[in-house]
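Colleague:
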Amino acid sequence: MATPTTDQLQDLVDLVSQLASSSATLEDRDFDLVAFASQSGGLDVIRQRSILQRRSTPEVRAWFEGFGIARSDRPVRTPADPEHGILPRVCLPARWNGVTYGYVWLLDEDGHLDDALLASAMHEASRAGALLAQQARVRERTEERLQNLLSPDRAVAEQAAEEISELGLVDRDRRITVVVLETRDQDWQSVPLNLWRLPRSVLAAPETDHISLLVPEPHSVADVAERALELYRERLDSDARGNVLVGIGAPREDLAEARSSWREARLAVRVGRAVPAFRPTAVWTDLGIYRLLACGPQRELRDAVVDPAVRRLLEEPDLLVTTRTYLDHAGSAQQTAAALSIHRQTLYHRLEKIERLTGLDLADGRDRLRLHLGVSLAPLVGG
Numbered sequence: 118m119a120t121p122t123t124d125q126l127q128d129l130v131d132l133v134s135q136l137a138s139s140s141a142t143l144e145d146r147d148f149d150l151v152a153f154a155s156q157s158g159g160l161d162v163i164r165q166r167s168i169l170q171r172r173s174t175p176e177v178r179a180w181f182e183g184f185g186i187a188r189s190d191r192p193v194r195t196p197a198d199p200e201h202g203i204l205p206r207v208c209l210p211a212r213w214n215g216v217t218y219g220y221v222w223l224l225d226e227d228g229h230l231d232d233a234l235l236a237s238a239m240h241e242a243s244r245a246g247a248l249l250a251q252q253a254r255v256r257e258r259t260e261e262r263l264q265n266l267l268s269p270d271r272a273v274a275e276q277a278a279e280e281i282s283e284l285g286l287v288d289r290d291r292r293i294t295v296v297v298l299e300t301r302d303q304d305w306q307s308v309p310l311n312l313w314r315l316p317r318s319v320l321a322a323p324e325t326d327h328i329s330l331l332v333p334e335p336h337s338v339a340d341v342a343e344r345a346l347e348l349y350r351e352r353l354d355s356d357a358r359g360n361v362l363v364g365i366g367a368p369r370e371d372l373a374e375a376r377s378s379w380r381e382a383r384l385a386v387r388v389g390r391a392v393p394a395f396r397p398t399a400v401w402t403d404l405g406i407y408r409l410l411a412c413g414p415q416r417e418l419r420d421a422v423v424d425p426a427v428r429r430l431l432e433e434p435d436l437l438v439t440t441r442t443y444l445d446h447a448g449s450a451q452q453t454a455a456a457l458s459i460h461r462q463t464l465y466h467r468l469e470k471i472e473r474l475t476g477l478d479l480a481d482g483r484d485r486l487r488l489h490l491g492v493s494l495a496p497l498v499g500g
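In this text, residue positions in the sequence shown follow the working numbering: the first is 118, and each later residue adds one.
1. Rounded to whole angstroms, what is the Cα-Cα separation between Met118 and Asp288?
2. To the nearest angstrom, how far is it from the Cα of Val427 to the Cα of Leu488?
3. Taking 9 Å as the cut-off, decide whether the C-beta atoms of Tyr220 and Ala253 are in contact.
4. By how many angstroms is the C-alpha of Val162 removed from the C-alpha of Ser237?
5. Counting pairs of Cβ atoms below 8 Å between the segment 400 to 408 and the segment 360 to 368, do you hit three or more?
6. Please report the straight-line C-alpha distance between His229 and Trp180, rounded to a whole angstrom.
7. Report the CB separation of Leu384 from Leu346 in whole angstroms; it is logged as a contact under 8 Å.
8. Ends of the beta strand (DSSP E) at Thr505?
9. What's the gap between the Cα of Val423 and the Cα of Val492?
10. With respect to the beta strand (DSSP E) encompassing Gly215, which residues constitute its N-terminal and C-terminal limits?
11. Mapping the DSSP letters down to three states, classify Pro316 as helix, strand or coil.
12. Under the three-state reduction of DSSP, which class applies to Thr502: helix, strand or coil?
13. In its own chain, which residues sit with a C-beta less than 6 Å from the C-beta of Pro333, not counting the 5 before and 5 after it?
14. Buried or exposed: Leu362, going by 16 or more other Cβ atoms within 10 Å of its Cβ?
15. By DSSP, does Glu261 sit in helix, in strand, or in coil?
16. Considering only residues of the same chain and omitting the five flanking positions on each side of Gln452, which have a CB-CB separation below 6 Å?
17. What first and last residue would you give for the alpha helix (DSSP H) that runs through Ile281?
18. Figure out for me which residue from Ser449, Asp232, Arg194 has the closest Cα to the Cα of Ala480.
19. So, are the CB atoms of Trp222 and Thr142 less than 9 Å apart?
20. Count Cβ pairs between the segment 235 to 251 and the segment 204 to 215 that sit closer than 8 Å; are there 3 or more?
21. My understanding is that Ala339 touches Ser329, with C-beta atoms under 8 Å, so please give their C-beta distance in whole angstroms.
22. Applying the criterion that 16 or more other CB atoms from any shown protein chain within 10 Å of the CB defines a buried residue, is Tyr349 buried or exposed?
23. Taking a contact to mean a Cβ-Cβ separation below 9 Å, would you say Gly499 touches Arg419 in this structure?
24. Quick one: grab the DSSP three-state call for Asp424.
25. Compute the Euclidean distance between the alpha carbons of Glu469 and Ala421, then round it to the nearest angstrom.
26. If you draw a straight line from the alpha carbon of Gln165 to that of Glu226, how long is it in whole angstroms?
27. Could you give the DSSP three-state label for Val295: helix, strand or coil?
28. Does DSSP put Gly476 in a helix, in a strand, or in coil?
29. So is Leu410 buried or exposed if we call it buried at 16+ other beta carbons inside 10 Å?
30. Among Ala495, Leu263, Arg178, which has the Cα closest to the Cα of Asp149?
31. With a CB to CB cut of under 7 Å and the five nearest residues on each side skipped, what residues in its chain are close to Ser134?
32. Check whether the Cβ of Arg487 lies closer than 8 Å to any heavy atom of the ligand NAP, and answer yes or no.
33. Can you give the Cα-Cα distance for Arg396 and Gly389, rounded to whole angstroms?
34. So is Cys412 buried or exposed if we call it buried at 16+ other beta carbons inside 10 Å?
35. Who are Glu144's beta bridge partners in DSSP?
36. Per DSSP, Cys208 forms a beta bridge with which residues?
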């Protein structure tokens with residue numbers, strides 16, 4: 118079943134607007150703008166913001182949902198609120214099979230919308246509900262296919278790749294990259310991302326703790342990742358916005374290899390969470406030694422790089438910071454002292470303590486490499 122086009126929904130909104138001789142908008146059930154039609158008449162702050170920003174704020178959503186629009190199968194009149202610049206309007210719930218999928222809004226500043234006219238308009242709102250329901254079903258099936266594409270079972274991934282290609286969603290021979298967005302603060306399902314504002318050929322699969330995006334060429338992966346980050350941050354409280362992280366895997370030539378890119382993207386997010394330099398977006402190909410995370414089980418990697426010398430250092434936070442700063446500055450005493458805002462003699466004293474504690478010689482390149490790997494990877498492998 119083909120996805121309903123934006124033109125079909127726009128035509129419905131135009132028809133309702135003409136029928137009611139009133140400005141009309143169609144929003145989905147998350148209050149993201151889908152289509153709008155302008156007629157002569159008022160334009161309040163809420164309508165203007167919805168059109169310009171393509172969405173409504175959580176406060177606006179709560180205001181209107183307070184009138185029972187999500188449960189109603191009839192037109193709902195909402196009053197004016199002069200203090201907040203809200204004009205009176207009528208909400209026509211766009212429903213299908215008893216489920217509300219969106220809302221058609223009509224401004225009614227002069228009260229000209231009578232019950233007979235609204236009954237006719239409700240017929241068109243129901244058609245919009247059917248189209249939005251169809252979109253939702255297509256989106257759910259697309260999410261399921263992408264989840265299958267990311268399956269560790271190669272046969273399942275191959276089947277999903279064929280289905281995605283046959284449906285014309287993404288060509289089998291198109292180069293693809295997986296982007297992962299993750300936060301530990303909220304359930305992704307409770308704060309839906311308005312994915313329709315991303316390019317149509319970008320596929321998405323939300324999970325409880327992350328969202329996976331499949332980005333085919335010729336789209337810019339960096340641009341899509343930045344746009345998705347911006348869209349999700351729009352839905353979060355200001356305190357939580359900085360906790361959303363993005364990981365970008367390496368590209369793959371075969372659609373069925375998407376899981377490899379996905380795994381890299383998830384590991385990149387893990388690095389970003391532990392290493393501030395890679396926030397908010399960590400790109401797998403830029404991670405350097407942190408790509409070692411993909412080399413095997415976490416426990417084995419931990420045993421390999423976090424040896425007793427490193428473990429002793431991990432128990433001394435101040436010396437650990439000094440060690441990491443010194444090694445990150447390639448053993449430059451001048452740059453390290455400046456970065457730590459300490460006297461160079463103080464630094465030398467700390468370096469002597471580090472050598473005594475670890476039993477390693479900081480003048481020996483092999484010992485420095487051993488220490489640098491250990492202190493860098495310890496936060497990521499449970500050191």
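We put the beta carbon where it would ideally sit given N, CA and C, even for glycine.
If you're wondering where the values come from, they're calculated on a predicted model, not measured in any experiment.
Modeller: Looking at the atomic coordinates:
1. Note that Met118 scores 40 on pLDDT, short of 50, meaning its location in the model is unreliable; the coordinates nonetheless yield the value given after this. Computed Cα separation, rounded: 18 Å.
2. Cα-Cα distance, rounded: 6 Å.
3. Note that the C-beta distance between Tyr220 and Ala253 is not below 9 Å.
4. The straight-line gap from Cα to Cα measures roughly 27 Å.
5. Touching, yes.
6. Computed Cα separation, rounded: 23 Å.
7. Rounded to whole angstroms, the Cβ separation of Leu384 and Leu346 is 18 Å, and the two are not in contact under 8 Å.
8. Residue coverage of the chain in this structure runs from 118 to 500, which leaves residue 505 outside it and unanswerable.
9. Their Cα atoms are separated by approximately 8 Å.
10. DSSP places Gly215 in no beta strand (DSSP E); its state is neither H nor E.
11. Here DSSP, grouped into helix, strand and coil, assigns Pro316 to coil.
12. Lying before the first or after the last residue shown, residue 502 is absent from the chain, which here runs from 118 to 500.
13. Cβ-Cβ distances below 6 Å link Pro333 to Val287, Arg291, Ile293, Ser318 in the same chain, with the five nearest sequence neighbours on each side left out; the list follows chain order.
14. It counts as buried.
15. In the structure shown, Glu261 sits in a helix (DSSP, three-state: H, G or I).
16. Hits under 6 Å: His446.
17. First-last of the alpha helix (DSSP H) with Ile281: 271 to 283.
18. Each of Ser449, Asp232, Arg194 was checked against the Cα of Ala480, and the nearest Cα belongs to Ser449.
19. In contact: Trp222 and Thr142 (Cβ atoms closer than 9 Å).
20. With the cut-off at 8 Å, the segment 235 to 251 and the segment 204 to 215 touch.
21. The distance from the Cβ of Ala339 to that of Ser329 is about 17 Å, inconsistent with a contact at the 8 Å cut-off.
22. Buried: at least 16 other Cβ atoms inside 10 Å.
23. Arg419 sits close to Gly499, with the two beta carbons spaced by under 9 Å.
24. Judged by DSSP in its simplified three-state form, Asp424 adopts coil rather than helix or strand.
25. If you draw a straight line from the Cα of Glu469 to the Cα of Ala421, it is about 25 Å long.
26. Answer to the nearest angstrom: the Cα atoms are 15 Å apart.
27. If DSSP states are grouped into helix, strand and coil, Val295 belongs with the strands.
28. It is coil, neither helix nor strand.
29. Under this definition Leu410 is a buried residue.
30. When only C-alpha atoms are compared, the closest one is Arg178.
31. Non-local beta-carbon contacts of Ser134 in its own chain, meaning distances under 7 Å to residues more than five positions away in sequence, involve Ser140, Ala141, Ala154, Gln156 in chain order.
32. Summarising the ligand content, the structure contains no ligands, and the ligand NAP is consequently not present.
33. Gly389 has its alpha-carbon roughly 5 Å from the corresponding atom of Arg396.
34. Exposed is the call here.
35. According to DSSP, which records beta bridges pairwise, Glu144 is partnered with Leu150, Tyr220.
36. DSSP, once it has assigned bridges, lists Val193, Trp222 as partnering Cys208.
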